[in-house]
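Here the structure comes first, spelled out in structure tokens, and everything after it is commentary.
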Amino acid sequence: MRMVDALAQWFEAADVTHYYGYAGGAVWPLLDGLVDHPSIQGVQAKHESHAVHQADIHWRVNQKIAPVIVTKGPGLLNCVGGVASAMHDGIPLLVIAGSGATHFLGKGGMQELYYSGFDDAVPVFRPITKGSWLAVRPDTVIDLLNHALRVATSGKPGPVFIQLPLDVQLAALEGEVEAPVRRSVRQRTRVDVADVGEAGNLLAEAQRPLLLAGGGLVRSPGGAQALRSLAESRGIPVVTTLPGKGLLDEEHPLSLGCVGRSGTECAARATREADLIVAVGSRFSDNHTNNWRKGAIYDMEQTKLVQVNVDPEEIGRNYSVEQGLVGDGAAFLEDLRAVTDGAPDAYADWVGKVSQFRSEWRDSIVPVLTAPTSPIHPGRMCYEVGEVLAERGRVFVDIGDVIQYAEPYMTVRRPGAFHISPGMAEMGWAAQGATGACLAAPGEPAVVLTGDGAFMMGPQAVATAVEYGAPVVWVILNNLELGIERKGADGKFGRSHPWYSFTVAATGEPYTPDFAALARSFGAEGERIDETGQFRPALEKAVVSGRPTVLDVAIDTSIPSYFTKGLDRYNPDHWGQSYPSYGGLKLAK
Numbered sequence: 001m002r003m004v005d006a007l008a009q010w011f012e013a014a015d016v017t018h019y020y021g022y023a024g025g026a027v028w029p030l031l032d033g034l035v036d037h038p039s040i041q042g043v044q045a046k047h048e049s050h051a052v053h054q055a056d057i058h059w060r061v062n063q064k065i066a067p068v069i070v071t072k073g074p075g076l077l078n079c080v081g082g083v084a085s086a087m088h089d090g091i092p093l094l095v096i097a098g099s100g101a102t103h104f105l106g107k108g109g110m111q112e113l114y115y116s117g118f119d120d121a122v123p124v125f126r127p128i129t130k131g132s133w134l135a136v137r138p139d140t141v142i143d144l145l146n147h148a149l150r151v152a153t154s155g156k157p158g159p160v161f162i163q164l165p166l167d168v169q170l171a172a173l174e175g176e177v178e179a180p181v182r183r184s185v186r187q188r189t190r191v192d193v194a195d196v197g198e199a200g201n202l203l204a205e206a207q208r209p210l211l212l213a214g215g216g217l218v219r220s221p222g223g224a225q226a227l228r229s230l231a232e233s234r235g236i237p238v239v240t241t242l243p244g245k246g247l248l249d250e251e252h253p254l255s256l257g258c259v260g261r262s263g264t265e266c267a268a269r270a271t272r273e274a275d276l277i278v279a280v281g282s283r284f285s286d287n288h289t290n291n292w293r294k295g296a297i298y299d300m301e302q303t304k305l306v307q308v309n310v311d312p313e314e315i316g317r318n319y320s321v322e323q324g325l326v327g328d329g330a331a332f333l334e335d336l337r338a339v340t341d342g343a344p345d346a347y348a349d350w351v352g353k354v355s356q357f358r359s360e361w362r363d364s365i366v367p368v369l370t371a372p373t374s375p376i377h378p379g380r381m382c383y384e385v386g387e388v389l390a391e392r393g394r395v396f397v398d399i400g401d402v403i404q405y406a407e408p409y410m411t412v413r414r415p416g417a418f419h420i421s422p423g424m425a426e427m428g429w430a431a432q433g434a435t436g437a438c439l440a441a442p443g444e445p446a447v448v449l450t451g452d453g454a455f456m457m458g459p460q461a462v463a464t465a466v467e468y469g470a471p472v473v474w475v476i477l478n479n480l481e482l483g484i485e486r487k488g489a490d491g492k493f494g495r496s497h498p499w500y501s502f503t504v505a506a507t508g509e510p511y512t513p514d515f516a517a518l519a520r521s522f523g524a525e526g527e528r529i530d531e532t533g534q535f536r537p538a539l540e541k542a543v544v545s546g547r548p549t550v551l552d553v554a555i556d557t558s559i560p561s562y563f564t565k566g567l568d569r570y571n572p573d574h575w576g577q578s579y580p581s582y583g584g585l586k587l588a589k
């Protein structure tokens, strides 16, 4: 058999059901090997970056690796942004690219990256993957695949990259294909018993504790159940990071919602007053902490921090810790519950106080959630998406001003119903990748919340959904601008560059494509929404239709971006001044 036939057998042994990518001469043999395996569905995206996002979202939905297959040169280079996004978010991907024959390495052939040596694209991907390899022996490729898959899925997950030269793909082999399960590891790293006991003592001594659930807990099997169990057993309020939104039903009386630059005001008030935070799977990123500014979100001079993460490099990176513990989030929460004594009203006074924060916050946003004006208030629009998907389906939130409305105003009631990629924050991640959700979980609605700017990064993703029968619903916030950029620049400089708004250069007139007509040209459904009352019925219809649908929604552009009360996008831009963050040294005056 050829090496590519062995690789196709390996796909089957690895329980691969889908692969994503784009055809090219350097992977002709690989694709030919897969022709004989029609049970594995190949999904050709309209751009290699789309394929990476689709495989990324595929894994988020069903935790199955969906390999990405791309050709050499521009094909693999188009994957860089998507691979970096997956690396930032801890998503395991297997990216397989072709190359020219080994005879030609270093000769500067068409599409070869020969400028700094013979290893072609491997150095490009090394900083943005957990492993990057060029295979030069056909008989070691299956070993390499097993190793790469183990690397991608162990510890903190992440992407890996393998490049296969043309002659390596076509080489003749004999023997048996070793299944990856024979080289895999079973891992659920548990925190040491003594350290769990110490964390339990800190919890027993606390008067105002909080549980902080981050995106890492989303990746931990059983994480949501373990979080709820511990919270309810002692009566501990819960806040989440943006990627952790919905880990605890946001209607639950102990849930304060997201905490961050655009999180709920009640969550920020609670984090400032907490005397202990048990953070599981959180990196304490810039948006989550309002750029690590002292007292903005956290007051770490009065708050003790227990930080639990599978990646030791994330522990203590931005805040000093009382305990820094390496371990699986769900396992830690289960073990912590086992060593903590007390009743569900152990912190009754504290729960009463933050419940008041929660009531005040919820009362304050009623005018947003019910805003009657047209075009629709973007906060109301995000809220209604959450209501339509209350019991079934998933929402995928793109990068842009939409985050500032989805984070505070959407209510997420089920773990796994909310997805976002805020780390590398690549525009178009959701709009281009949501097809992967529908293929990974047939029958489950997938709604994309995206801005007109992010959607225009790759509108041809609609064509892929039509071709493969993926009933994605794109909800486009059409404000004729890059809203978050324009508002930020206005706030900083008091004026805007023309790039922030979509206009006809010669006249300055506002410009927008007819997105509904564009969708119909691809073979999808398309509808323009101008009135507030039109939106929810149109969304409900689209969700049950089973058809790819684009809803082009005009939004009220007079609405400012939402930031938690007292917070903004402030960044340190004077190197000669010390920033009000945590740490022992300041610039001398």
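Residue numbers are given in the UniProt record's numbering: position 465 of the sequence shown equals residue 465, and the series is strictly consecutive.
Cβ atoms here follow ideal geometry from the backbone N, Cα and C, with glycine treated the same way.
Based on Cα-Cα distance, which residue from Ser501, Thr532, Pro513 lies nearest to glycine 526? Taking the first residue of the sequence shown as 1, we reach residue 526 at position 526. For the set Ser501, Thr532, Pro513, the Cα lying nearest the Cα of glycine 526 is the one of Pro513.
Simplified DSSP assignment, three categories, for asparagine 479: Locating residue 479 in the sequence shown gives position 479, where the first residue counts as 1. Note: asparagine 479 maps to coil in three-state DSSP.
How many angstroms separate the CA atom of aspartate 143 from the CA atom of leucine 333? If you number the sequence shown from 1, residue 143 lands on position 143. If you number the sequence shown from 1, residue 333 lands on position 333. C-alpha separation (whole angstroms): 36 Å.
Cβ neighbour criterion (16 or more within 10 Å) applied to leucine 585: The count along the sequence shown starts at 1 and reaches residue 585 at position 585. Note on leucine 585: under 16 other CB atoms within 10 angstroms of its CB, so exposed under the neighbour-count rule.
Valine 543 to valine 136, Cα distance in whole Å? As a position in the sequence shown, residue 543 is number 543, starting the count at 1. As a position in the sequence shown, residue 136 is number 136, starting the count at 1. Spanning the two alpha carbons is a distance of roughly 48 Å.
I need the straight-line Cα distance from valine 64 to valine 181, nearest angstrom please. By one-based count along the sequence shown, residue 64 stands at place 64. By one-based count along the sequence shown, residue 181 stands at place 181. First, the amino acid is wrong: residue 64 is lysine here, not valine. C-alpha of lysine 64 to C-alpha of valine 181: approximately 14 Å in a straight line.
Considering only C-alpha positions, which residue in the set Trp292, Gly491, Ala331 is nearest to alanine 226? The residue you call residue 226 lines up with position 226 of the sequence shown. Distance check between alanine 226 and each of Trp292, Gly491, Ala331 places Ala331 closest, using alpha-carbon atoms only.
Using 10 angstroms around the beta-carbon of glycine 82, count the other beta-carbons present and answer buried if the total reaches 16, otherwise exposed. For the purposes of this step, residue 82 is taken as residue 82 along the sequence shown, with counting starting at 1. By the neighbour-count criterion, in which a residue is buried when 16 or more other Cβ atoms sit within 10 angstroms of its Cβ, glycine 82 is buried.
Given that a residue counts as buried once 16 or more other Cβ atoms are within 10 Å of its Cβ, and exposed if not, what is proline 510? In the sequence shown, residue 510 corresponds to position 510, counting from 1. By the 10 Å Cβ count, proline 510 comes out exposed.
Give the range of the beta strand (DSSP E) segment to which tyrosine 19 is assigned. On the sequence shown, residue 19 is found 19 positions in, with the first residue counted as 1. For tyrosine 19, the enclosing beta strand (DSSP E) begins and ends at 18–21.
Nearest residue (CA-CA) to lysine 107, options Trp361, Thr271, Phe455, Asp120: Here residue 107 is taken as the residue at index 107 of the sequence shown, counted from 1. Selection Trp361, Thr271, Phe455, Asp120 evaluated against lysine 107 yields Asp120 as nearest (Cα-Cα).
Jot down the residue ranges of each uninterrupted beta strand (DSSP E) in the stretch 432–479, minimum 3 residues, whole runs only, in chain order. Scanning the stretch 432–479 from its first residue to its last, the whole beta strand (DSSP E) runs of 3-plus residues come out as 446–451, 472–478.
Proline 372 by DSSP, collapsed to three states: which one? Position 372 of the sequence shown, counting from 1, holds the residue named residue 372. Taken through DSSP and simplified to helix, strand or coil, proline 372 comes out as coil.
Same chain, Cβ closer than 7 Å to glutamate 273, five either side skipped, listed in chain order: Within the sequence shown, the letter at position 273 stands for residue 273. Same-chain partners within the cutoff: Arg208.
Start and end residues, alpha helix (DSSP H) containing isoleucine 57: Within the sequence shown, the letter at position 57 stands for residue 57. Residues 48–62.
Whole angstroms are fine: how far does the CA of aspartate 195 sit from the CA of valine 326? Mapped onto the sequence shown, residue 326 falls at position 326. Mapped onto the sequence shown, residue 195 falls at position 195. Cα to Cα, valine 326 sits roughly 10 Å from aspartate 195.
So which of Glu360, Thr557, Thr240 has the shortest CA-CA distance to threonine 373? Residue mapping note: residue 373 aligns to position 373 of the sequence shown, counting from 1. That would be Thr557, whose Cα lies nearest to the Cα of threonine 373.
Using the rule of at least 16 other Cβ atoms within 10 Å of the residue's Cβ for burial, across every protein chain shown, is threonine 370 buried or exposed? By 1-based counting over the sequence shown, the position of residue 370 is 370. Answer is exposed; the Cβ neighbour count stays below 16.
Could you tell me which whole beta strand (DSSP E) segments of length 3 or greater appear in the UniProt domain "Thiamine pyrophosphate enzyme central" (198–336)? Listed in chain order, they are 209–213, 238–240, 255–258, 276–280, 304–309, 323–326.
First and last residue of the uninterrupted alpha helix (DSSP H) at histidine 88: Here residue 88 refers to the residue found at position 88 when the sequence shown is read from its first residue. It spans 80–89 - the alpha helix (DSSP H) in which histidine 88 sits, taken as one unbroken run.
By alpha-carbon positions, which one of Thr340, Val351, Phe455 ends up nearest to phenylalanine 396? Along the sequence shown, read from residue 1 onward, the residue named residue 396 stands at position 396. Of Thr340, Val351, Phe455, the smallest CA-CA separation from phenylalanine 396 is found for Phe455.
Please say whether alanine 437 and valine 61 have beta carbons closer to each other than 8 Å? Looking up residue 61 in the sequence shown gives position 61. Looking up residue 437 in the sequence shown gives position 437. For the 8 Å CB-CB criterion, valine 61 and alanine 437 form a contact.
The beta strand (DSSP E) with serine 39 in it runs from where to where? The sequence position of residue 39 within the sequence shown is 39, counting from 1. Run containing serine 39: none; DSSP gives neither H nor E here.
Beta carbon of proline 138, beta carbon of methionine 1: below 8 Å? On the sequence shown, position 138 is the one that residue 138 refers to. On the sequence shown, position 1 is the one that residue 1 refers to. Result no, Cβ atoms of proline 138 and methionine 1 do not sit closer than 8 Å.
In the DSSP assignment, find the alpha helix (DSSP H) that holds alanine 542 and state where it starts and stops. Numbered from 1 along the sequence shown, position 542 holds the residue referred to as residue 542. Under the DSSP assignment, alanine 542 falls in the alpha helix (DSSP H) whose first and last residues are 532–545.
Inter-residue Cα distance where the pair is methionine 424 and proline 127: Locating residue 424 in the sequence shown gives position 424, counting from the first residue. Locating residue 127 in the sequence shown gives position 127, counting from the first residue. When rounded, the distance between both Cα atoms is 14 Å.
Could you please give me the residues that DSSP links to histidine 419 through a beta bridge? By 1-based counting over the sequence shown, the position of residue 419 is 419. Residue pairing by DSSP puts histidine 419 in a beta bridge opposite Phe396.
With C-beta atoms as the reference, is tryptophan 59 less than 8 Å away from alanine 66? Looking up residue 59 in the sequence shown gives position 59. Looking up residue 66 in the sequence shown gives position 66. Contact: yes.
Which residues bound the alpha helix (DSSP H) around isoleucine 142? As a position in the sequence shown, residue 142 is number 142, starting the count at 1. Residue range 141–153 is occupied by the alpha helix (DSSP H) that includes isoleucine 142.
Pull up the distance between the alpha-carbon of glycine 158 and that of aspartate 490, whole angstroms please. For the purposes of this step, residue 158 is taken as residue 158 along the sequence shown, with counting starting at 1. For the purposes of this step, residue 490 is taken as residue 490 along the sequence shown, with counting starting at 1. The alpha-carbon atoms of glycine 158 and aspartate 490 are separated by roughly 37 Å.
Using C-beta distances below 8 Å, list every residue in its chain close to aspartate 530, excluding the 5 sequence neighbours before and after it, in chain order. Counting from one through the sequence shown, the residue named residue 530 turns up at place 530. Hits under 8 Å: Ser374, Pro375, Ala554.
Roughly how many whole angstroms lie between the Cα atoms of residue 593 and asparagine 571? Absent from the structure is residue 593, since the part of the chain shown begins at 1 and ends at 589.
Spatial distance of valine 212 from valine 238 (CA atoms): On the sequence shown, residue 212 is found 212 positions in, with the first residue counted as 1. On the sequence shown, residue 238 is found 238 positions in, with the first residue counted as 1. Correcting the residue type first, residue 212 is leucine in the shown sequence and not valine. For leucine 212 and valine 238, the distance between alpha carbons rounds to 6 Å.
Residues of its chain near glutamate 265, where Cβ-Cβ distance is below 7 Å and the 5 sequence neighbours each way are ignored: As a first step, residue 265 is located in the sequence shown; it is residue number 265 there, counting from the start. Contacts found: Trp361, Thr564, Lys565.
Can threonine 411 and valine 310 be called in contact, C-beta distance under 8 Å? Position 411 of the sequence shown, counted from the start, is the residue given in the question as residue 411. Position 310 of the sequence shown, counted from the start, is the residue given in the question as residue 310. No; because the gap between Cβ atoms is not below 8 Å, this pair is not in contact.
Please return the same chain residues whose Cβ sits closer than 6 Å to the Cβ of glutamate 48, not counting the five positions on each side in sequence. Here residue 48 is taken as the residue at index 48 of the sequence shown, counted from 1. Around glutamate 48: Tyr22, Val70, Gly75, Asn78, Cys79.
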